[in-house]
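Working notes, structure below.
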Amino acid sequence: MNDLLLRALNNEPVERPPAWFFRQAGRYLPEYHVTRAEAGSFLNLCRNPELAAEVTLQPLRRFPFDASIVFNDILVPPAAMGLDLDFIPGRGPVFADPVRHAADLKRLHVPSIEREMPHALDTIRLLVEQLDVPLFGFAGAPFTLAAYMVEGSGSRHFEHAKALMWRDPKTFQRLLDMNAEIVGDYLQAQAEAGAAAVCLFDTWAGELSLEDWRRVALPAARKALSKVSGVPRIYFTKNASPFLHHLHEVGADAFGLDWRVDLKRARQVLGADVPIMGNLDPIALFAPRETIHAKVRAILEDAGPTGHVFNLGHGVIPTTPHEGVDATLEALHAWSWSARAS
Ligand code: CP3
Numbered sequence: 148m149n150d151l152l153l154r155a156l157n158n159e160p161v162e163r164p165p166a167w168f169f170r171q172a173g174r175y176l177p178e179y180h181v182t183r184a185e186a187g188s189f190l191n192l193c194r195n196p197e198l199a200a201e202v203t204l205q206p207l208r209r210f211p212f213d214a215s216i217v218f219n220d221i222l223v224p225p226a227a228m229g230l231d232l233d234f235i236p237g238r239g240p241v242f243a244d245p246v247r248h249a250a251d252l253k254r255l256h257v258p259s260i261e262r263e264m265p266h267a268l269d270t271i272r273l274l275v276e277q278l279d280v281p282l283f284g285f286a287g288a289p290f291t292l293a294a295y296m297v298e299g300s301g302s303r304h305f306e307h308a309k310a311l312m313w314r315d316p317k318t319f320q321r322l323l324d325m326n327a328e329i330v331g332d333y334l335q336a337q338a339e340a341g342a343a344a345v346c347l348f349d350t351w352a353g354e355l356s357l358e359d360w361r362r363v364a365l366p367a368a369r370k371a372l373s374k375v376s377g378v379p380r381i382y383f384t385k386n387a388s389p390f391l392h393h394l395h396e397v398g399a400d401a402f403g404l405d406w407r408v409d410l411k412r413a414r415q416v417l418g419a420d421v422p423i424m425g426n427l428d429p430i431a432l433f434a435p436r437e438t439i440h441a442k443v444r445a446i447l448e449d450a451g452p453t454g455h456v457f458n459l460g461h462g463v464i465p466t467t468p469h470e471g472v473d474a475t476l477e478a479l480h481a482w483s484w485s486a487r488a489s
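In our numbering, the protein residues as written are 148 to 489.
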């Protein structure tokens, strides 16, 4: 078993950091399209443990990643809560009837994980039998889920979600409380099914001011993570720079950072013993090989020898050239902390 990931998350010495990519399974791989077509739709794929396990394994057959992440989506729990969800090609996720008023909460219920969303747990159980790298479980953070549930889709400005948060804070808070309860239990269930670590994706929390994030998104993420024990818990948000001084309040064991965060500064602010994950710009995978090598080396230098999990700062995009993935992993595999120390 490749134990680089768990050693890095424990601040133990490693020759080079473990590497995996956000969205390492998915549309940049031709074999993904074949399996997705077999499933019929993206949600069917998430809900079919055999096919979801197959898709999880696909990137590992092509590239020497040191970790895997169960194939699923953060929006599966809101669908199980009662919101009608569709993934529309070219548009992304769409909820037909978003949550906009207090009365809309009556349409939602706290789903039983084993009865109403067991798929990821079954996928994890299938995968742990086959994998020789650790497997991540994950969930969307309460605020990021609420942003989709209120907005009804992805959004540039999040005007519906922010307006509800300010106009009817009680309703927004009830939605966050419900989400926190569900995703906390969901992450714990994934750990119990065999996930070696879990990620809480708060992708859109970085759209908030520091004040709103601390008052609204942070306590909800902390509540969700407080329900998880026994495995390392990673909190990711895009645009975390303004939050660095307060990230420890989330109560996570490690933090995922995007490419706009200066890792040297993150180390200083978070403390040298707090593991970090990141932070290559996913678009750097389109750069020439030598440029990629230089960028990877700069990240390794900035992060330092312990407590670093190498990752992209956000997901692989569908047009990503495979040469870029190869070049990134090549630079990592050529790295040796002990050679540099001597
Ligand atoms: O390999 C992996 O990383 C596991 C798979 C994974 C997916 N979604 C599959 C997916 C993971 C970890 C996610 C998490 C997710 N989903 C997040 C948080 C992390 C992040 O990237 O910020 C968010 C915000 C979502 C919501 C979501 N799901 C969006 C916005 C979209 C559309 C994106 C797009 O580029 O079209 C999805 C759909 C989705 N989730 C796809 C995949 C492979 C594409 C679906 C398809 O096949 O058409």
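For each residue, glycine too, the CB sits at the ideal point set by N, CA and C.
Computed from a prediction, not measured in an experiment: that's the story for all the values here.
So, are the CB atoms of residue i and residue j less than 7 Å apart?
i	j	result
G341	I271	yes
L404	N426	yes
V456	M424	yes
L230	F242	yes
A431	K442	yes
V378	A338	yes
V397	A367	no
V363	S388	no
R163	W482	yes
N149	T453	no
P429	H395	no
V345	G284	yes
L176	R183	no
V280	S215	yes
A343	L282	yes
G287	F348	yes
F210	L459	no
Taking DSSP as the reference, what is the three-state secondary structure of residue i?
i	result
S483	coil
H455	strand
I423	strand
I446	helix
R262	helix
P468	coil
A344	strand
L282	strand
S388	helix
A364	helix
P379	coil
G299	coil
A166	strand
G239	strand
F578	Given that the chain is displayed from residue 148 to residue 489, the structure contains no residue 578 and the question cannot be resolved.
G460	coil
G287	strand
Q171	coil
E159	coil
K370	helix
Is it the case that the CB of residue i approaches a heavy atom of the ligand CP3 more closely than 6 Å?
i	result
F169	yes
D420	no
F402	no
A288	no
D220	yes
G239	yes
G462	yes
G301	yes
A434	no
A250	no
T350	yes
A172	yes
G183	Rather than Gly, the amino acid found at residue 183 in this sequence is Arg. Yes.
F189	yes
I216	yes
Buried or exposed: residue i, going by 16 or more other Cβ atoms within 10 Å of its Cβ?
i	result
D213	buried
E298	buried
K253	exposed
A419	exposed
K317	exposed
G239	exposed
I329	buried
K309	buried
A155	buried
R487	exposed
Q171	buried
T466	exposed
Please tell me whether residue i has its Cβ less than 7 Å away from any Cβ of chain B.
i	result
K309	The structure shown contains no chain B; it is built from a single protein chain.
In chain order, which continuous runs of the beta strand (DSSP E) of length 3 or greater are located wholly inside the segment 175–235?
-> Taken in chain order, the complete beta strand (DSSP E) segments of 3 residues or longer contained in the segment 175–235 are 232–235.
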